[in-house]
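**Student:** First to last, the protein sequences are chains X and Z.
Note that my numbering gives residue 113 to position 132 of the first sequence, counting from 1, and the numbers run on in steps of one.
Note that my numbering gives residue 68 to position 65 of the second sequence, counting from 1, and the numbers run on in steps of one.
A virtual CB, placed ideally from N, CA and C, is assigned to each residue, including glycine.
Keep in mind the model is a prediction, meaning the values are calculated, not measured.
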Amino acid sequence: MAKRLSMLSMLTAIGLLAAWLEYVLLPPIAVPGVKLGLANLATVAALFVYGFRGASAVTFARVALAALLFGNLSTLMFALAGALLAVPGMALLKRVGGFSPVGVSIAGGVLHNAGQLLAAAVIAKTPGLAAYLPVLLVSGAAMGAVNGVIALAVIRRFR
Amino acid sequence: MRRNDVFLLLAVLALSGALFFALRANSGPAGIARVYHEGDEIAELSLSGPGEFRWEDGDDYVLVRVEDGRARVTEASCPDKLCVNTGAVSRAGAAIVCLPNRVSVVLEKPGDAGELDAVAF
Chain X
-18 MAKRLSMLSM
-8 LTAIGLLAAW
2 LEYVLLPPIA
12 VPGVKLGLAN
22 LATVAALFVY
32 GFRGASAVTF
42 ARVALAALLF
52 GNLSTLMFAL
62 AGALLAVPGM
72 ALLKRVGGFS
82 PVGVSIAGGV
92 LHNAGQLLAA
102 AVIAKTPGLA
112 AYLPVLLVSG
122 AAMGAVNGVI
132 ALAVIRRFR
Chain Z
4 MRRNDVFLLL
14 AVLALSGALF
24 FALRANSGPA
34 GIARVYHEGD
44 EIAELSLSGP
54 GEFRWEDGDD
64 YVLVRVEDGR
74 ARVTEASCPD
84 KLCVNTGAVS
94 RAGAAIVCLP
104 NRVSVVLEKP
114 GDAGELDAVA
124 F
């Protein structure tokens, strides 16, 4: 129990650090919503080591801390919109089986971006934002693959 | 990577490609830019001539400029500046959104009545 708690805390810290590095180092990209999403590697690692509940805890703790430390209400809302789709989706894929952390992470990136775009379209009442969907799906898959490979290395060290 | 991972990746790429061409087939060069605030139209700008529109609410503002068939948000009060960084858009169906201000700019074909033909998600 104590080990589980400390491991989950560490993964939350890793995710928070990754989010912060990205916030500080990477300037916003021209297409809104395209980003590395490095912090998701902590979610993927938590999912494979501690399951859905562990992944949810790590993700929502990180999202809340990141919003408090270097975000605002709107970044919090969009992070939640992405996470609410991505975390259950990744857990479902892992449960179905046959997917490695890389595949699960790809699905996470894609779902995260889809959730954010959907939230943006609803909030701004602009269905035309669907025009960004193809770019965001591909970037979500690419960044998800990168994060999945890193998550794989983290998972190996945890076990 | 397992085999299912590869299938998933290919499925996502195929879906994106199909969406890309489906959305593009429906869109040529735009003729007008409509500016919305919380879904209500607040301005209509012709893309043929230079023009601009400024939305203001207290300290918040969004400045939209149109020129040479393109529209862009040149200034805005939002913290993230995503709308400004989006740059210029010129195709019908394209949109620029400033979420913190709930302002969006949507491009349409010259003859459009203002309703979208289809919405794909």
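Would you say Asp63 of chain Z faces chain X, with C-beta separation under 8 Å as the test?
**Tutor:** For this step, residue 63 of chain Z is matched to residue 60 along the second sequence. Taking Cβ atoms only, chain X never reaches closer than 8 Å to Asp63 of chain Z, which makes this a no.
**Student:** Beta-carbon separation of Val142 of chain X and Leu65 of chain X under 8 Å?
**Tutor:** Here chain X covers residues -18 to 140 and nothing more, so residue 142 of chain X does not appear.
**Student:** Alpha carbon to alpha carbon, how far is Ala25 of chain Z from Leu92 of chain X?
**Tutor:** Locating residue 25 of chain Z in the second sequence gives position 22, counting from the first residue. Locating residue 92 of chain X in the first sequence gives position 111, counting from the first residue. Cα to Cα, Ala25 of chain Z sits roughly 20 Å from Leu92 of chain X.
**Student:** Between X:Leu133, X:Ser(-10) and X:Gly125, which lies nearest to Phe41 of chain X when the distance is taken from Cα to Cα?
**Tutor:** As a working mapping, residue 41 of chain X is identified with position 60 in the first sequence. When each option's Cα is compared against that of Phe41 of chain X, the closest is X:Ser(-10).
**Student:** What whole-angstrom Cβ distance do Leu11 of chain Z and Ala88 of chain X have, given they're in contact under 8 Å?
**Tutor:** Working through the second sequence from its first residue, we reach residue 11 of chain Z at position 8. Working through the first sequence from its first residue, we reach residue 88 of chain X at position 107. Right, their Cβ atoms sit about 6 Å apart.
**Student:** Go through its chain and collect everything with a Cβ distance to Val109 of chain Z's Cβ below 6 Å, but skip five positions before and after it.
**Tutor:** Position 106 of the second sequence holds residue 109 of chain Z. Excluding positions up to five away in sequence, the list reads Arg37 and Ala98.
**Student:** For Leu(-14) of chain X, tell me which candidate among X:Ala102, X:Arg34 and X:Val5 has the shortest Cα-Cα distance.
**Tutor:** For this step, residue -14 of chain X is matched to residue 5 along the first sequence. Nearest of X:Ala102, X:Arg34 and X:Val5 to Leu(-14) of chain X, Cα basis: X:Arg34.
**Student:** Check whether the segment 123 to 137 of chain X touches the segment 23 to 34 of chain X, taking contact to mean three or more Cβ pairs, one atom from each stretch, closer than 8 Å.
**Tutor:** yes
**Student:** Ala112 of chain X versus chain Z: which residues are under 7 Å apart at the beta carbon?
**Tutor:** The residue labelled residue 112 of chain X in the question sits at position 131 within the first sequence. Neighbours of Ala112 of chain X on chain Z, chain order: Leu26, Gly96, Ala97 and Ala98.
**Student:** Under 8 Å, CB to CB, which of the residues in the segment 41 to 63 of chain Z have a partner in chain X?
**Tutor:** Glu41 and Gly42
**Student:** Kindly indicate which residue of X:Ala111, X:Met124 and X:Gly109 has the alpha-carbon position closest to the one of Ala20 of chain X.
**Tutor:** What you label residue 20 of chain X is simply residue 39 of the first sequence in a count that begins at 1. Nearest Cα to Ala20 of chain X within the set X:Ala111, X:Met124 and X:Gly109: X:Met124.
**Student:** Taking only beta-carbon atoms, is Pro82 of chain Z less than 8 Å away from chain X?
**Tutor:** As a working mapping, residue 82 of chain Z is identified with position 79 in the second sequence. Interface residue, yes.
**Student:** Mapping DSSP to helix, strand and coil, what is Asp62 of chain Z?
**Tutor:** If you number the second sequence from 1, residue 62 of chain Z lands on position 59. If DSSP states are grouped into helix, strand and coil, Asp62 of chain Z belongs with coil.
**Student:** Return the bridge partner residues of Val106 of chain Z from the DSSP annotation.
**Tutor:** Working through the second sequence from its first residue, we reach residue 106 of chain Z at position 103. For Val106 of chain Z, which the question treats as bridged, DSSP gives the partners Z:His40 and Z:Cys101.
**Student:** Under 8 Å: do the segment 48 to 59 of chain Z and the segment 67 to 78 of chain Z share three or more Cβ pairs, one atom per stretch?
**Tutor:** yes
**Student:** Under the rule that 16 or more other beta-carbon atoms within 10 Å means buried, what is Asp8 of chain Z, buried or exposed?
**Tutor:** Taking the second sequence and counting its residues from 1, one reaches residue 8 of chain Z at position 5. Burial call: buried.
**Student:** Since Thr142 of chain X is in the alpha helix (DSSP H), which residue starts that stretch and which ends it?
**Tutor:** Only positions -18 to 140 of chain X appear in the structure, and residue 142 of chain X is not among them; the question remains open.
**Student:** Look up Leu17 of chain X in the DSSP assignment and say whether it is helix, strand or coil.
**Tutor:** Residue mapping note: residue 17 of chain X aligns to position 36 of the first sequence, counting from 1. Reduced to three states, the DSSP call for Leu17 of chain X is coil.
**Student:** Which residues does DSSP list as the beta-bridge partners of Pro32 of chain Z?
**Tutor:** Within the second sequence, residue 32 of chain Z is the residue found at index 29, counting from 1. Bridge partners of Pro32 of chain Z: Z:Arg94.
**Student:** Under a Cβ-count criterion, where at least 16 other Cβ atoms within 10 Å of its own Cβ denotes burial, should Ala101 of chain X be classed as buried or exposed?
**Tutor:** Locating residue 101 of chain X in the first sequence gives position 120, counting from the first residue. When all chains shown are included, Ala101 of chain X counts as buried.
**Student:** What are the boundary residues of the alpha helix (DSSP H) that includes Thr56 of chain X?
**Tutor:** Residue 56 of chain X sits at position 75 when you count from the first residue of the first sequence. Note, Thr56 of chain X: alpha helix (DSSP H), Leu54 to Val77.
**Student:** At a cut of 8 Å, does the segment 16 to 23 of chain Z reach the segment 105 to 121 of chain X through at least three beta carbon pairs?
**Tutor:** yes
**Student:** Under three-state DSSP, which class holds Phe56 of chain Z?
**Tutor:** Within the second sequence, residue 56 of chain Z is the residue found at index 53, counting from 1. Reduced to three states, the DSSP call for Phe56 of chain Z is strand.
**Student:** In the DSSP assignment, find the unbroken alpha helix (DSSP H) run with Arg138 of chain X in it and report its ends.
**Tutor:** Translated into the one-based positions of the first sequence, residue 138 of chain X becomes position 157. Segment Leu114 to Phe139, the alpha helix (DSSP H) holding Arg138 of chain X.
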